[in-house]
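What follows is a single structure, written as structure tokens, with notes after it.
In the working numbering, the protein residues as written are 237 to 620.
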């Protein structure tokens with residue numbers, strides 16, 4: 237009973253007009269009523285859980301050392317984490333398979349985008365990857381009253397673009413579970429609609445970030461779209477990302493990375509790369525759409541080799557460290573990560589970041605604008 241493929245839609249599809257509040261005074265933009273967009277988006281957003289395989293810890297440390305994207309202090313902190321979470325969105329279906337788009341930087345300590353990209357097979361070897369949907373979460377809360385463990389479904393990484401900070405997960409919809417009764421997994425038969433993507437420019441327009449911070453489902457924040465910024469020019473971009481980002485005046489939280497930025501028609505403008513308490517940066521749909529087309533293929537259609545993204549783009553400007561994202565880490569006791577009482581105690585502080593600053597430099601009188609990852613404050617400084 238395979239469903240037909242649902243390719244990502246670039247052009248704006250007819251959508252129900254959002255309800256807007258009446259303006260209070262002439263010249264004031266009316267506020268969008270986001271509830272209809274929020275309700276339509278809920279079934280398409282997933283919590284993604286990465287749990288390191290303990291038997292692969294030494295191998296992971298060796299890979300992280302070769303990538304040389306993080307300092308030893310940062311690596312020590314990362315490897316103390318028992319798990320990490322981020323957000324994913326339904327981006328394609330193909331036969332029995334559902335493809336969930338998210339960001340690659342949840343494992344950015346294991347790769348350098350230019351010099352040492354990582355292959356999907358390596359990520360699958362180092363981590364147990366699981367997802368849960370809104371329907372399973374609602375069943376956990378309403379039916380089981382947060383008793384026991386949440387229900388997760390295994391997922392497989394089937395595509396990575398390290399340069400663009402993109403990752404694709406594949407889930408067999410026949411395995412997607414609502415809950416577990418005894419030894420039996422009760423299948424989730426609800427719909428998980430593929431979201432539409434838009435590449436139109438909408439500077440100054442209202443937008444909504446929909447995300448799933450650690451164990452806090454259906455979280456959204458609203459703001460305004462503003463500038464494009466170039467990440468490749470960032471002096472502390474030690475991971476080697478090479479892309480433009482859409483910046484929005486909107487807050488984001490730990491675990492929100494990968495969450496969709498939506499316009500009033502419910503179309504995705506980008507997914508969250510990182511942010512601070514008042515600004516967030518999003519990977520553009522013009523990068524996302526070809527990535528979906530190239531990576532949302534069933535396993536039997538894939539090549540036997542899972543090669544990482546080819547090195548291209550500018551080399552980093554050196555130095556260790558790098559942008560910490562919104563997806564680190566979990567509590568020290570992994571056995572409690574899914575228990576009731578923990579769902580609202582995950583890493584969910586406002587994303588003020590660690591306080592590190594990206595420095596944007598100018599050449600002559602022309603300012604090169606650039607942004608980077610999560611939790612950073614951006615400072616414009618002329619070159620001395």
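We treat Cβ as the ideally placed atom computed from N, Cα and C, and that holds for glycine.
Query, Result
"Is it the case that the Cβ atoms of residue 270 and residue 404 are separated by a distance below 8 Å?", "no"
"What is the C-beta distance between residue 336 and residue 327, in whole angstroms, given that I count them as a contact (C-beta under 8 Å)?", "7 Å"
"Measure the CB-CB distance between residue 282 and residue 392 and report whether it falls below 8 Å.", "no"
"Between which two residues does the alpha helix (DSSP H) carrying residue 513 extend?", "From DSSP, residue 513 is part of no alpha helix (DSSP H); its letter is neither H nor E."
"Looking at C-alpha atoms only, which residue of 483, 489, 305 and 413 is the closest neighbour of residue 351?", "305"
"For residue 267, tell me which candidate among 318, 364, 440 and 348 has the shortest Cα-Cα distance.", "440"
"Could you check whether residue 476 and residue 300 sit closer than 8 Å to each other, using their CB atoms as the reference points?", "no"
"Quick one: grab the DSSP three-state call for residue 357.", "helix"
"Could you check if residue 425 is buried or exposed, using at least 16 other CB atoms within 10 Å of its CB as the buried criterion?", "exposed"
"Out of curiosity, what's the CA-to-CA distance linking residue 346 and residue 287?", "14 Å"
"Kindly list the residues whose CB is nearer than 8 Å to the CB of residue 360, restricted to its own chain and excluding five residues on each side of it in sequence; keep chain order.", "392 and 393"
"Taking only three categories from DSSP, how would you classify residue 293?", "helix"
"Measuring CB to CB, does residue 494 end up less than 8 Å from residue 323?", "yes"
"In three-state DSSP terms, what is residue 374?", "helix"
"State the Cα-Cα distance for the pair residue 388 and residue 454, rounded to the nearest angstrom.", "17 Å"
"Which class does residue 486 belong to by DSSP, given the choice of helix, strand or coil?", "coil"
"In this structure, how does DSSP classify residue 311 when only helix, strand and coil are distinguished?", "helix"
"Please check the pair residue 433 and residue 524, which I expect to be a contact at CB under 8 Å, by giving their CB distance rounded to whole angstroms.", "6 Å"
"Specify the secondary structure class of residue 439 as computed by DSSP and reduced to three states.", "coil"
"Run the CB neighbour count on residue 284, radius 10 Å, all protein chains shown included, and call it buried at 16 or more, exposed below.", "buried"
"Measure the alpha-carbon distance for residue 410 versus residue 535 and round it to whole angstroms.", "15 Å"
"Rounded to whole angstroms, what is the Cα-Cα separation between residue 423 and residue 385?", "16 Å"
"If you draw a straight line from the C-alpha of residue 413 to the C-alpha of residue 442, how long is it?", "35 Å"
"So the alpha helix (DSSP H) residue 273 belongs to, where does it begin and stop?", "271-277"
"At the level of alpha carbons, what is the spacing between residue 544 and residue 356?", "Reliability of the predicted coordinates at residue 544 is poor, the pLDDT of 48 falling under 50, and the value obtained from them is presented with this limitation in mind. Residue 544 and residue 356: Cα-Cα distance of roughly 7 Å."
"Specify, as a first and last residue, the run of the alpha helix (DSSP H) that residue 523 falls within.", "521-531"
"Residues bridged to residue 393 by DSSP?", "405"
"For residue 276 and residue 510, which I take to be in contact (beta-carbon distance under 8 Å), what is that distance rounded to the nearest angstrom?", "In fact, because the Cβ distance is near 26 Å, the residues do not count as touching under 8 Å."
"Rank 408, 338, 292 and 421 by C-alpha distance to the C-alpha of residue 504 and give the top, closest one.", "338"
"Pairing CB atoms from the region 461-468 with CB atoms from the region 478-487, are three or more of them under 8 Å?", "yes"
"Return the bridge partner residues of residue 301 from the DSSP annotation.", "According to DSSP, residue 301 bridges with nothing at all."
"State the DSSP-derived secondary structure class of residue 535, mapped to helix, strand or coil.", "helix"
"Roughly how many angstroms lie between the CA atoms of residue 381 and residue 353, to the nearest whole one?", "43 Å"
"Mapping DSSP to helix, strand and coil, what is residue 341?", "helix"
"Can you tell me which of the three DSSP states residue 327 falls into?", "strand"
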